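Engineer: Protein chains in written order, with the numbering used here: chain X, 161 to 383; chain C, 161 to 383.
Shown next as structure tokens:
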């Protein structure tokens, strides 16, 4: 080989080496770009406009009434309807960790998910379980597992995790009073780190609130 | 040129072209990686361990006692100390939108920031302004602007924005009861979209709660 030819071969080799070196990074970058665009990042502010949620909360098998609902409420989107949609997207699991839960619409959404086979688990505060209008009793009757604290401190979280992938958390207690009258915020995020940290908190509390550990069953504890 | 030489030149050209093509992407990817690592994403869970916060809350000019504080409390980190640190990082502005604010440590931190020249603005709920132990009166006396609702609904947010860059939000009311006894969460995020949405909410409410609009000054409203 002459001297020119060697130079060309060297450049070709360097070019190829560089290409092979960076291609995986580029592919990762392109994939990461797609991943980064997708994660949901949303805030719902309350009070929510009062809108009709009938079409969202139809039982399976019932023909959707859609915009044909004859009620006099507005039929557009609201913070409440968007919160309902985020919950109703669940296909496999729903963890709920709620200080107070009395909104009939949110209760109905959770019951529908349970009927569809979604694994629903609920943690709540003992002081708010049996309050007038609480949805907790209805959910238990429907067969949903509920655990609660027995501390003096409040179980004051207000979060939900949908399909272990979407975290819904904020200041909003799930009551009609809060939804319709209060200044409140609800973050919806698919950020993996936030989802993981809240799921870990859920599992910690779920374990700690295991009914076999309740101290008002002292006979059980002694065995 | 012989046939072998042409092939080598072709490979060299393709290799160089590919390298030049992907290099900017690779550089962007590397930069994006650095950017992505930086934004803070943290969750503080409560109840917080009770720790000594004296060293954090020293007035300017006082020699820091540091770990030399003689009190019997533990002197390590806790969820409360981390929340204090996040607030005390403010250099220019602090927006507070808080349902209830009675924690003396958090009140002290806000007062220190005000003394350091940080522009502090506070929005709170009227029902909780003058409650026993409320920090709101002390902050007003120190010269900090406070605005409040006059609705039946609650101003139930619990968020802070530090230097228009860091959002601190969650279920935690800023009370010693909640900090020491309740299950609570506080997200700390530098996500620009979340920060922007909460700042917009703050400005909306700040404007709406302008004292000249309070209806218990009916004479003023008529002019």
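Ideal Cβ positions, reconstructed from N, Cα and C, are used throughout, including at glycine. Remember, predicted model here, so these are calculated numbers, not experimental data.
1) Does residue 362 of chain C have its Cβ less than 7 angstroms from a Cβ in chain X?
2) If you draw a straight line from the alpha carbon of residue 375 of chain X to that of residue 273 of chain C, how long is it in whole angstroms?
3) For residue 358 of chain X, tell me which candidate among C:184, C:293, C:347 and C:317 has the shortest Cα-Cα distance.
4) Can you tell which of C:179, C:301, C:307 and C:245 has its C-alpha closest to the C-alpha of residue 373 of chain C?
5) If the cut is a Cβ gap below 8 angstroms, which residues of chain C does residue 344 of chain X touch?
6) If the criterion is Cβ atoms closer than 7 angstroms, does the pair residue 268 of chain X and residue 323 of chain X meet it?
7) Roughly how many angstroms separate the alpha carbons of residue 175 of chain C and residue 165 of chain X, rounded to a whole number?
8) Work out the CA separation of residue 331 of chain X and residue 338 of chain X for me, nearest whole Å.
9) Got a sec: which bits of the segment 320-342 of chain X sit with their beta carbon under 9 angstroms from any beta carbon on chain C, in order along the chain?
10) For the segment 296-311 of chain C against the segment 272-288 of chain X, do three or more pairs of beta-carbon atoms, one drawn from each stretch, fall closer than 8 angstroms, so that the two count as touching?
11) For the segment 308-319 of chain C and the segment 206-221 of chain C, state whether three or more C-beta atom pairs, one from each stretch, are separated by less than 8 angstroms.
12) Output, in sequence order along the chain, the residues in the segment 201-216 of chain X whose CB is closer than 7 angstroms to any CB in chain C.
13) Are the segment 290-298 of chain C and the segment 225-244 of chain C touching by the rule of at least three beta carbon pairs closer than 8 angstroms?
14) Reducing DSSP to helix, strand and coil, say where residue 292 of chain X ends up.
15) Expressed to the nearest angstrom, what Euclidean distance is found between the alpha-carbon atoms of residue 244 of chain X and residue 366 of chain C?
16) Between residue 345 of chain X and residue 317 of chain C, is the Cβ-Cβ spacing less than 7 angstroms?
17) Would a check of beta-carbon distances place residue 284 of chain X closer than 7 angstroms to chain C?
18) Would DSSP call residue 341 of chain X helix, strand or coil?
Structural biologist: Considering the structure as presented:
1) no
2) 45 angstroms
3) C:347
4) C:307
5) 316 and 317
6) no
7) 16 angstroms
8) 9 angstroms
9) 329, 330, 331, 332, 333, 337, 338, 340, 341 and 342
10) no
11) no
12) 201, 203, 205 and 207
13) no
14) coil
15) 29 angstroms
16) yes
17) no
18) helix
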